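Report on the structure given below.
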Amino acid sequence: MTPHRTPARTRYSSPLRYPGGKARMAPWLTETFESLQWPMDVEIWLEPFGGGAGAALTALTAGNVPEAWIVEANPALAAFWTTVMSDGPALAARVERTVPTLALFQDSRQNVAAALGGEQVDPFELGLSAFILNRCSRSGMILPSVGPIGGKTQDGQHTIGARFNASALAERIRSVHALGDRFKVFAGDGISFLEDLQHSGVQDEVFCFVDPPYIGVGNDLYAIGMDDDLHQRLARALNRLTAPWLLTYDAHPQIPLLYPDSEIVEFDIPHTAGSSRVGREYLVLGPGMGLPEANPLGKGNVYRLAA
Numbered sequence: 022m023t024p025h026r027t028p029a030r031t032r033y034s035s036p037l038r039y040p041g042g043k044a045r046m047a048p049w050l051t052e053t054f055e056s057l058q059w060p061m062d063v064e065i066w067l068e069p070f071g072g073g074a075g076a077a078l079t080a081l082t083a084g085n086v087p088e089a090w091i092v093e094a095n096p097a098l099a100a101f102w103t104t105v106m107s108d109g110p111a112l113a114a115r116v117e118r119t120v121p122t123l124a125l126f127q128d129s130r131q132n133v134a135a136a137l138g139g140e141q142v143d144p145f146e147l148g149l150s151a152f153i154l155n156r157c158s159r160s161g162m163i164l165p166s167v168g169p170i171g172g173k174t175q176d177g178q179h180t181i182g183a184r185f186n187a188s189a190l191a192e193r194i195r196s197v198h199a200l201g202d203r204f205k206v207f208a209g210d211g212i213s214f215l216e217d218l219q220h221s222g223v224q225d226e227v228f229c230f231v232d233p234p235y236i237g238v239g240n241d242l243y244a245i246g247m248d249d250d251l252h253q254r255l256a257r258a259l260n261r262l263t264a265p266w267l268l269t270y271d272a273h274p275q276i277p278l279l280y281p282d283s284e285i286v287e288f289d290i291p292h293t294a295g296s297s298r299v300g301r302e303y304l305v306l307g308p309g310m311g312l313p314e315a316n317p318l319g320k321g322n323v324y325r326l327a328a
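According to our numbering, the sequence shown holds residues 22 to 328 in order.
In C-alpha cells form, the structure reads like this:
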C-alpha cells in the first residue's frame, strides 16, 4: 500500500458540523485500516452514509489511507460534496463573500426543501444552501425544518453567523478539493452501493466504515431516514460482504438480532447536538476485525456484549 501520510494532524478536516459524526473516531479507525491483514491490499476507505465525512477526511489528511469514497442519499448534502470536488475554488470564494442573514437562511431552507421534494435545483446553489443550513442552524442538520442560531430575534449572545468563520471554512473547502481523485463522492443510496459492491470488482480492496441513521431516534434527525426494512436490508448486505467492515449504531436491542454472528462492543459517547450528556453506542465488527482495546473515541468506557 502506498503511503500518503501528512506531517501534522489537522484538527478539523471537514467543512461541515455534524453532530454525532465520527471524526473523533478517525485515529482508531485509521490504525485499524493500516493494520488490516487481508488477502489483497485494502486501499479504499468507503463510507456508504457519507454525512459530514469527518472520519474519511481525517484519515485521508492525517493517515496512511490512499483513497476514500463516500455515498450520500440527501440530495442537498450530496450537492455540497460534489460541488466541493468539481468546483471547490469557486465555492470557497463564494463562502468568503457570504454574510449569513435570516433571509439567506430562509432561502437556503427553501432550496433544500425543494430538492428533498424532488425538484431540480442548481447543484452549486443547492450545495451552498446545504452548507448555510449546516453552519448556521442550531442543530447543524440539513433539513428544511431547522431553525437559525439565535432564533428569529437574533438578540442573544450567539447569532446566525456564530459558527460561520468564512475564511477558515473556505480554506477547508479548498483543502478537500485539493485531494482530487483521492476523495470520491457518489450521490445515491448507500445500501444499494454495498449490495452492488460484490459485483464491482473492487470489493477485496475496500474497507467499509458504516454509520447509518440510528434506530432509537426514529427519522426525526435525518432528511433521508431508514425504516425497519432498510435496517434489515443493510444487515443482509453487510453480512454477505467479504470486505472488512465496521458499523456504529445506537445501543438498541434490535442490533444484536440483526448481527447475531458479529462481535459487538458498547462504548461511551458524548452527544453534542444540544446535549452534553454521555450516551452509549454499539460498534459491530465484521468478520476478521479485532476487538478494540479501549474506547474507539480515545476516552470513556467500552464493554463487550455477551454472545
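Every residue gets a Cβ at the ideal spot worked out from N, C-alpha and C, and that includes glycine. Just so it is clear, the structure is predicted and the values come from calculations on it, not from any experiment.
TODO: Go ahead and label Thr174 buried or exposed: buried means 16 or more other beta carbons lie within 10 angstroms of its beta carbon, across all protein chains shown.
DONE: Thr174 should be labelled exposed.
TODO: Express the C-alpha separation of Gln58 and Val133 in angstroms, rounding to a whole number.
DONE: Distance between the alpha carbons of Val133 and Gln58: 43 Å.
- [ ] Please report how far the alpha carbon of Arg156 lies from the alpha carbon of Arg325, in whole angstroms.
- [x] If I take the Cα positions, the gap works out to 36 Å.
Open item on the list: I need the straight-line Cα distance from Ala199 to Leu190, nearest angstrom please.
Closed with: Approximately 14 Å between the Cα atoms of the pair.
- [ ] Just grab the DSSP bridge partners of Gly300 for me.
- [x] For Gly300, which the question treats as bridged, DSSP gives the partners Ile290.
Open item on the list: Going by DSSP in three states, Thr263 sits in which element: helix, strand or coil?
Closed with: Residue state, collapsed to three classes: coil.
TODO: Could you pull the start and end residues of the alpha helix (DSSP H) that Arg2 belongs to?
DONE: Since the first and last residues shown for the chain are 22 and 328, residue 2 lies out of range.
- [ ] For Glu284, I'd like the list of residues in its chain whose CB is within less than 7 Å of its CB, leaving aside the five on either flank, ordered along the chain.
- [x] Taken in chain order, the residues that qualify are Leu306, Leu312.
Open item on the list: Restricting to Cα atoms, I'd like to know which of Arg254, Phe152, Val105, Tyr235 is closest to Gly246.
Closed with: Relative to the Cα of Gly246, the nearest Cα in the group Arg254, Phe152, Val105, Tyr235 belongs to Tyr235.
Open item on the list: For Leu242, tell me which candidate among Trp102, Met46, Gly72, Glu192 has the shortest Cα-Cα distance.
Closed with: Answer by Cα proximity: Gly72.
Open item on the list: Quick test of the definition: if touching needs 3 or more C-beta pairs under 8 Å, does the segment 44-59 touch the segment 204-219?
Closed with: As far as the Cβ criterion goes, the segment 44-59 does not touch the segment 204-219, which means the pair count is below three.
Task: Among Gln127, Gly168, Ala114, Leu262, nearest to Cys229 - alpha-carbon criterion - done: The shortest Cα separation from Cys229 among Gln127, Gly168, Ala114, Leu262 belongs to Leu262.
TODO: Determine which residues share a DSSP beta bridge with Glu68 and list them.
DONE: Residue pairing of Glu68 in beta bridges, as defined by DSSP: Ile91.
Open item on the list: Taking the straight line between their C-alpha atoms, what separation do you get for Ala294 and Val286?
Closed with: Its pLDDT being 48, under 50, Ala294 is placed unreliably by the model, and nothing is read from it.
Task: Whole-angstrom distance between Phe101 and Leu112, CA atom to CA atom - done: Their backbone Cα atoms lie some 9 Å apart in a straight line.
Open item on the list: Helix, strand or coil, according to DSSP, for Pro48 in the structure here?
Closed with: Helix.
Open item on the list: For the beta strand (DSSP E) containing Arg325, name the first residue and the last one.
Closed with: Start and end: 323-325.
- [ ] Would you please state the rounded distance, in angstroms, between the beta carbons of Tyr97 and Ala47? I believe it to be under 8 Å.
- [x] Sequence check: residue 97 is Ala here, not Tyr. Here Ala97 is actually not in contact with Ala47; their C-beta atoms are around 24 Å apart, not less than 8 Å.
- [ ] Look at the alpha carbon of Asn240 and the alpha carbon of Leu164, and state the distance between them as a whole number of angstroms.
- [x] Answer to the nearest angstrom: the Cα atoms are 12 Å apart.
Task: Any alpha helix (DSSP H) of 4 or more consecutive residues that is wholly inside the segment 199-234 - done: Listed in chain order, they are 211-218.
Open item on the list: Please report the distance separating the alpha-carbon of Val92 from that of Ala99.
Closed with: A direct Cα-Cα distance of roughly 8 Å separates Val92 from Ala99.
- [ ] Could you work out which residue in Ala94, Asp210, Arg130 is closest to Gly161 when comparing CA atoms only?
- [x] Out of Ala94, Asp210, Arg130, Arg130 has the C-alpha closest to the C-alpha of Gly161.
Open item on the list: Using a 10 Å radius around the Cβ and a threshold of 16 neighbouring Cβ atoms, would you call Tyr270 buried or exposed?
Closed with: Counting other Cβ atoms within 10 Å of its Cβ, Tyr270 reaches 16 or more and is therefore classed as buried.
Task: Length of the line joining the Cα atoms of Ala256 and Ser107 - done: Spanning the two alpha carbons is a distance of roughly 33 Å.
Task: Pro110: first and last residue of the uninterrupted alpha helix (DSSP H) it sits in - done: Unbroken alpha helix (DSSP H) run through Pro110: 96-118.
Open item on the list: Do Val86 and Glu21 have their beta-carbon atoms positioned less than 8 Å apart in this structure?
Closed with: Absent from the structure is residue 21, since the part of the chain shown begins at 22 and ends at 328.
Open item on the list: Comparing C-alpha positions only, which one of Leu304, Gly309, Pro308 sits nearest to Leu318?
Closed with: Of the listed residues, the one whose Cα sits closest to Leu318 is Leu304.
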